[in-house]
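Take a look at the structure below.
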Amino acid sequence: MAWSWRYETEHGRPLEDGALPGEQFSSRGDAESWLGENWRDLVDGGASRVTLLEDDRPVYSMSLDDPA
Numbered sequence: 001m002a003w004s005w006r007y008e009t010e011h012g013r014p015l016e017d018g019a020l021p022g023e024q025f026s027s028r029g030d031a032e033s034w035l036g037e038n039w040r041d042l043v044d045g046g047a048s049r050v051t052l053l054e055d056d057r058p059v060y061s062m063s064l065d066d067p068a
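Residue numbers for the sequence shown follow the UniProt record's numbering, so the first one is 1 and each next one is one higher.
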């Protein structure tokens, strides 16, 4: 099983920007840790939301808005 992130607009539409990383992870924890370290770069790249995928199945979605 592979874990990955789908990058989305603020309205939940997938971004088709090939410039954003297409990382795949062997565990959910690795994927979540990576997001914690890289979310600001994703926002700079145009992503407003992300959805965690297990293979092709959505697990959960979340906003990348800075809560500060």
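A virtual CB, placed ideally from N, CA and C, is assigned to each residue, including glycine. Nothing here was measured: the structure is a model prediction, and the numbers come from that model.
Exercise. What is the DSSP secondary structure of L53, counted as helix, strand or coil?
Worked result: strand
For this session: With residue 103 as the anchor, note down where its beta strand (DSSP E) starts and where it stops.
Result: Residue 103 is absent from the structure shown; the chain starts at 1 and stops at 68.
For this session: Check whether the Cβ of A2 lies closer than 7 Å to any heavy atom of the ligand NAP, and answer yes or no.
Result: Inclusion of the ligand NAP in the displayed structure is not the case, the ligand content being empty and no account of it being possible.
For this session: With DSSP collapsed to three states, give me the class of S33.
Result: helix
Problem set entry | Closest residue to D44 among D56, W5 and A19 (Cα-Cα distance) | A19
For this session: Could you tell me if Y7 is buried or exposed, where buried requires 16 or more neighbouring beta carbons within 10 angstroms of its beta carbon?
Result: buried
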